[in-house]
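Top line first, the protein sequences correspond to chains P and R.
Residue numbering for the first sequence follows UniProt numbering, starting at 1 and increasing by one per position.
Residue numbering for the second sequence follows UniProt numbering, starting at 1 and increasing by one per position.
Below: one structure, written as structure tokens.
Protein chains: 2
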Amino acid sequence: MITLDLCLPDTRYPIHIGRGLLDDAQLILPHLPQRKVAIVTNATVAPLYLERLQRGLEEAGVSVLPIVLPDGEVYKTWDTLNLIFDALLSSRAERKTTLIALGGGVIGDMTGFAAACYQRGAPFIQVPTTLLAQVDSSVGGKTAINHPKGKNMIGAFYQPRAVIADMTLLDTLPQRELSAGLAEVIKYGLLGDVDFLTWLEDNMAALRARDYDALAYAVRRSCEMKAEIVVQDEKETGVRALLNLGHTFGHAIEAGLGFGTWLHGEAVGAGMVLAAALSHELGWIDEAALQRAVRLIGAAGLPTQAPDLGLEAWLEHMSHDKKVESGKLRFVLLKRLGEAAIVEGVDAAALERVLTGPYIQRAD
Amino acid sequence: MITLDLCLPDTRYPIHIGRGLLDDAQLILPHLPQRKVAIVTNATVAPLYLERLQRGLEEAGVSVLPIVLPDGEVYKTWDTLNLIFDALLSSRAERKTTLIALGGGVIGDMTGFAAACYQRGAPFIQVPTTLLAQVDSSVGGKTAINHPKGKNMIGAFYQPRAVIADMTLLDTLPQRELSAGLAEVIKYGLLGDVDFLTWLEDNMAALRARDYDALAYAVRRSCEMKAEIVVQDEKETGVRALLNLGHTFGHAIEAGLGFGTWLHGEAVGAGMVLAAALSHELGWIDEAALQRAVRLIGAAGLPTQAPDLGLEAWLEHMSHDKKVESGKLRFVLLKRLGEAAIVEGVDAAALERVLTGPYIQRAD
């Protein structure tokens, strides 16, 4: 096991990365202000991992309330969030009861937001069970639910007390979800570390074969980079927006197709292709660099073409992006491989060429 | 106009107290990161004050989105909160759009919570239109909505950028609401300043006659005391709970009768009588002190008897209090007039005597 420390102005917390961590209650106990927790998970993860986590805690004298939600991005709503509140209030959970998120990004985001709001703030711990959650959504304190008019529109910045990333939990992850997680891993290479990008090209086969060492390195390097950026800008007033590479296009794909049709990571994969293509259109990266990005995204098992939403729908969905300022779209684009920048006032013709170009699926 | 400064670790903001402040857009402009605001108000306040506030801002070049909600504590729910989100998203409000709460405690709490959650945090400003909101709920950053199982159970600590308390807005406040606000004013005297309590006894008639100078002094002294406590303990891990004097009983009254039957301030008034009676039962204050508290609460036009909920219902409702720790009720009680303390493990027999005693309304 290795442990990274995320030090923020008001708090610091460990990110534990290793194997078999789910059974080690000692990683959780120091963070509990009282020996009572609620484990929030979903109907897919519960049969696989709930009992192991619950037993370890109960053997250590912790009272456990399991809360099992339906599985899927379509359930990342207020109604589902309210199931958590109902369960907490019915069992008289207090403001010092710790919420443990056992699941992927949807569970982590909803549990974190529930913790942020329950009695104005209860402690919480992330136990991510998907690669995407391990490398990205469990770290950094972004929590949210979706609104019919936009993804993650209602939420809070609220940090966990600890993140526990157990590589062996990825054994049961469907291949499609593994690829979705790799999208966020590739993102870190593209936006900030060309050496890591090269490492990913060399190790993509090992990652997709779930080699624990390769996965642990990818998770570690991703979390290190994320931590570096979050420390500089916890509330996303500036540099943190770089972590949104591929996400402006990606969120539009998710909203345009209906949340849950494509996985978030798949939308981000195709979104990064569009971001790279737009960077190329603007003359910032050359064709070879664009192709290298597209190839790596494809090698991860991700789509390299976005669905054809139609120009108007693209612009409409992107206009709900949280990065919009004074009505202007802002994109995260590539200055070169390994360096991203936030760009406002992108040339409309270049954007239109990308949204009608070769990285958009043709209907025929 | 006088201005208090509330300085917290992460932020500081002014509390302006005076007359005719509603028309002075200069008090708001310095706090707007962009010239776009949403004014959240209710159907009662809108016809009285919305146009004045809106016009002043529009004349200063600010684009204004008015959001008018139904009026009343029963609407302090997720469904109403969602009306705010719908309006913000439909009009493409951004994360730098400022929300202005124009109304009483319900509007302030909901607008603040909406601002806390909208795109993970938009700026907001409080323009309280009731005495209760001016002396208490608009200051200190507590925001929330109710849940069927408990008041203010879902919320956030989220500070406004400014608070603007205009005494002349109290002209249109119904007498019953003025009394409800005085409950929180009396609270400050009881919990921390016996000289202020004496001042209140001497000036209760002037306050109820809406003498601007008397009101301004009461608002100022209340905000000063609240600010002092909030600065010590923004997130209520300790001393801030003192501000809950009368609220454990009061919340049980509101929940027991159904939210909105009694005004919050009325419930706090009767709740403070019960807290004083319990303090007397425990031998901390003598009969004369208890009578002095009861008399002042009555003089403010507030109920000095609580409804007869029945012992079981009292205990059930109080068990949902946010101050409960490890299953134990905690009360804020009076060591003497002008000094309160947080007490755990109150003698059950003493509590029962209070909840079946002379300060409970008899059914006959």
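Each residue gets a CB set at the ideal place from its N, CA and C atoms; glycine is no exception.
According to DSSP, residue i sits in a beta bridge with which residue or residues?
i: residue 63 of chain P; result: P/36
i: residue 147 of chain R; result: R/150
i: residue 16 of chain P; result: P/3, P/164
i: residue 340 of chain R; result: R/334
i: residue 99 of chain P; result: P/38, P/124
i: residue 157 of chain P; result: P/142
i: residue 325 of chain P; result: P/328
i: residue 69 of chain R; result: R/42
i: residue 306 of chain P; result: P/360
i: residue 118 of chain P; result: R/154
Show which residues of chain P have a CB atom less than 8 angstroms away from the CB atom of residue i.
i: residue 95 of chain R; result: 322
i: residue 153 of chain R; result: 85, 89, 118, 119
Residue i touches chain R at which residues, Cβ-Cβ below 7 angstroms?
i: residue 147 of chain P; result: 85, 89
i: residue 144 of chain P; result: 120
Could you check if residue i is buried or exposed, using at least 16 other CB atoms within 10 Å of its CB as the buried criterion?
i: residue 15 of chain R; result: buried
i: residue 172 of chain R; result: exposed
i: residue 303 of chain P; result: buried
i: residue 344 of chain R; result: exposed
i: residue 176 of chain P; result: exposed
i: residue 117 of chain R; result: buried
i: residue 41 of chain P; result: buried
i: residue 160 of chain P; result: buried
i: residue 114 of chain P; result: buried
i: residue 223 of chain R; result: buried
i: residue 129 of chain P; result: buried
i: residue 122 of chain P; result: buried
i: residue 327 of chain P; result: exposed
i: residue 200 of chain P; result: buried
i: residue 80 of chain P; result: buried
i: residue 91 of chain R; result: exposed
i: residue 73 of chain R; result: buried
i: residue 235 of chain R; result: exposed
i: residue 134 of chain P; result: buried
i: residue 289 of chain R; result: buried
i: residue 287 of chain R; result: exposed
i: residue 151 of chain R; result: buried
How is the alpha helix (DSSP H) around residue i delimited, first residue to last?
i: residue 94 of chain R; result: Run containing residue 94 of chain R: none; DSSP gives neither H nor E here.
i: residue 82 of chain R; result: 78-90
i: residue 317 of chain P; result: 311-318
i: residue 365 of chain R; result: What is shown of chain R runs 1 to 364, which leaves residue 365 of chain R out entirely.
i: residue 187 of chain R; result: 175-192
i: residue 354 of chain P; result: 348-355
i: residue 250 of chain R; result: 247-257
i: residue 232 of chain P; result: 212-232
i: residue 280 of chain P; result: 264-281
i: residue 297 of chain R; result: 287-299
By the criterion of Cβ-Cβ separation under 7 angstroms, what are the contact partners of residue i in chain P?
i: residue 150 of chain R; result: 89
Would you mind telling me which residues of chain R sit closer than 8 angstroms to residue i, beta carbon to beta carbon, in chain order?
i: residue 34 of chain P; result: 325, 326
Using a Cβ cut-off of 9 angstroms, pull out every chain B residue sitting near residue i, in sequence order please.
i: residue 92 of chain R; result: Protein chains P and R are contained in the structure displayed, whereas chain B is not.
The UniProt domain "3-dehydroquinate synthase C-terminal" (181-324) of chain R: positions lying closer than 9 angstroms to chain P by Cβ: Taking 9 angstroms as the cut-off between beta carbons, the residues of the UniProt domain "3-dehydroquinate synthase C-terminal" (181-324) of chain R near chain P are 235, 236, 319, 320, 322, 323, 324, in sequence order.
message: Beta carbons nearer than 7 angstroms to chain R: which residues of the stretch 152-171 of chain P have them?
response: Residues are counted here when their Cβ sits less than 7 angstroms from a Cβ of chain R; for the stretch 152-171 of chain P these are 153, 154, 155, 156, 157, given in chain order.
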